[in-house]
Amino acid sequence: MCRRKFRRKWNAFRHNITVHSDLAKIALYPTNSTNLSRSVYRSKDVKKVYRNKFHKFKQWQSKYKSRDDDDYLDNLLLGQDNNTDSKIMKIIGQMIKPYLELQASLNHVDPQTKAIILSSSFISSLLSYNPVKSLSDVSDIYRSNMGLGLIAKHLSEAENMSIHQATAFVKDSVMNSSLIHRMNN
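In our numbering, the protein residues as written are 43 to 227.
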């Protein structure tokens, strides 16, 4: 549990996204500052609207809800038993994009090797502090290595040099590019 406190709500949300992969709950702590306490204040009219909406939901719930699903729907709405499952689904939902990118870049590999690479990458990323970023980094590194090999292959064919010389030439060319100089400054 992260104990950091922020004066601005957006700073807390940004910290949650960058450090905790959008998995933490953000709690509002009471403060002595009048500016912060005003943002929490709601008028009586707004409270009445929320109360009426909840009342309508209860009426709908009593009409259409089956008796067998009482516990499941309550747990789903209240989030008591589903808190862990929802976190698991949220993590998997965030990890699926880099996983699919890695899978797409492994299309040329035989299915057995592809399955081994994908499963070991997924499991090793779960062992890291930020699994989403770790899996994304694995996908980026693999894609970069594949691109380097492809560029070096074409360069070696065009310039009649060995693949190792072409790889070293591509790396040196990138290191001497203006983009690297701008990134270092």
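The C-beta atom is built at its ideal place from N, Cα and C for all residues, glycine as well.
Using C-beta distances below 7 Å, list every residue in its chain close to residue i, excluding the 5 sequence neighbours before and after it, in chain order.
i           : result
residue 66  : 44 and 58
residue 173 : 133, 137 and 167
residue 218 : none
residue 78  : With a pLDDT of only 48 at residue 78, under 50, the local geometry of the prediction cannot be trusted, and the value read off the model is given with reservation. For residue 78, where only same-chain residues beyond five positions count, there are no Cβ hits under 7 Å.
residue 60  : none
Enumerate in chain order the residues of its own chain whose CB-to-CB distance from residue i is below 6 Å, with the five nearest sequence positions on each side excluded.
i           : result
residue 181 : 140, 143 and 144
residue 209 : 194
residue 165 : none
Roughly how many angstroms separate the alpha carbons of residue i and residue j, rounded to a whole number?
i           : j           : result
residue 235 : residue 152 : Residue 235 is absent from the structure shown; the chain starts at 43 and stops at 227.
residue 129 : residue 204 : 50 Å
residue 183 : residue 163 : 12 Å
residue 109 : residue 49  : Here the model assigns residue 109 a pLDDT of 48, short of 50, so the residue's position is not dependable, and the following value carries that caveat. For residue 109 and residue 49, the distance between alpha carbons rounds to 46 Å.
residue 201 : residue 207 : 10 Å
residue 154 : residue 127 : 30 Å
residue 52  : residue 171 : 23 Å
residue 216 : residue 179 : 20 Å
residue 198 : residue 150 : 21 Å
residue 55  : residue 225 : 28 Å
residue 80  : residue 70  : Low confidence applies here, because residue 80 scores a pLDDT of 49, under 50, leaving its location unreliable; read the following figure in that light. So the alpha carbons of these two residues sit roughly 13 Å apart.
residue 47  : residue 68  : 10 Å
residue 221 : residue 192 : 21 Å
residue 160 : residue 169 : 15 Å
residue 175 : residue 196 : 31 Å
residue 62  : residue 157 : 28 Å
Count the other CB atoms, across all protein chains shown, that sit within 10 Å of the CB of residue i; report buried if there are 16 or more and exposed otherwise.
i           : result
residue 82  : Confidence at residue 82 is low in this model, with a pLDDT of 49, below 50, so the placement of that residue should be treated as unreliable; the coordinate-derived value is given next. So residue 82 counts as exposed.
residue 177 : buried
Using C-beta distances below 8 Å, list every residue in its chain close to residue i, excluding the 5 sequence neighbours before and after it, in chain order.
i           : result
residue 147 : 181, 184, 185 and 188
residue 64  : 58, 132 and 136
residue 190 : 209, 212 and 213
Does any CB atom of chain C fall closer than 8 Å to the CB of residue i?
i           : result
residue 161 : The structure shown contains no chain C, having only a single protein chain.
Check your understanding: Can you list, in chain order, the stretches of the beta strand (DSSP E) that have 3 or more residues and sit fully within the segment 176-216?
Key -> None, since the segment 176-216 contains no complete beta strand (DSSP E) of that length.
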